[in-house]
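According to our numbering, the residues represented by the sequence shown are 15 to 73, in order. Backbone N, C-alpha and C define an ideal beta-carbon position, used for all residues, glycine too. Notes to accompany the following structure.
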Amino acid sequence: MDVIDNAAVFESVKRARQHFGRLDVIVNNAGHAQVGAVEELRTLLTSPSHHTAGSSDQT
């Protein structure tokens with residue numbers, strides 16, 4: 015799931031609630047892999063939205 019995609023996050027929560035009846039805890043344990051030039055990776059990994067958007071949208 016792309017945690018920056020709000021629609022995907024909301025759909026996942028909706029499906030979990032339908033399946034389990036309720037949702038008590040969300041664990042944000044996302045991983046990320048990127049292949050490319052070091053300069054491109056540095057820009058991506060230091061982007062504030064890369065680190066905060068997914069977590070803040072889930073809370």
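Cβ pair residue i, residue j closer than 8 Å
| i | j | result |
| --- | --- | --- |
| M15 | V27 | no |
CA-to-CA distance, residue j to residue i, given in whole angstroms
| i | j | result |
| --- | --- | --- |
| I40 | A51 | 33 Å |
| N20 | R29 | 14 Å |
| I18 | V49 | 19 Å |
| G35 | E25 | 15 Å |
| N42 | R31 | 17 Å |
Residue i at chain B interface by Cβ criterion, 8 Å
| i | result |
| --- | --- |
| R29 | The displayed structure is made up of one protein chain only, and chain B is not part of it. |
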